[in-house]
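Residue numbers (the working numbering): 125 to 243. Read the structure below first, then the notes.
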């Protein structure tokens, strides 16, 4: 059901971790993998690269104390910019002057919509 999918995505989003891209040993060693047309066939057996090394890079945790991300984990490369503050260079208008519902605890409430400024 849609609610279950949404809840699962939200949980993964809340647990997303920052990563860095690191070239794998295969990419550094040049042509370590021999390519042939059979390995690219839709009908042939899957050979060569496994899921982890298919793209010749690995995702490593930005914080070395964290464990590497799993196949189903959500990751990000850079933190989001602060949308509460105006930044014309990035096209961010900020939250100054927004009207909000001061009695709501939802998305239209001042805590979320105006970054807690109480407008």
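Backbone N, C-alpha and C fix where the C-beta goes; we use that ideal spot for every residue, glycine too.
| Asked | Found |
| --- | --- |
| Inter-residue spacing [alpha-carbon to alpha-carbon] between residue 201 and residue 142 | 6 angstroms |
| Beta-carbon separation (whole angstroms), residue 192 vs residue 185, contact threshold 8 angstroms | 6 angstroms |
| Buried or exposed by the 16-neighbour rule on C-beta atoms within 10 Å, applied to residue 140 | exposed |
| Residue 128 to residue 240 span [Cα, whole Å] | 29 angstroms |
| Where residue 212 falls: helix, strand or coil (DSSP) | helix |
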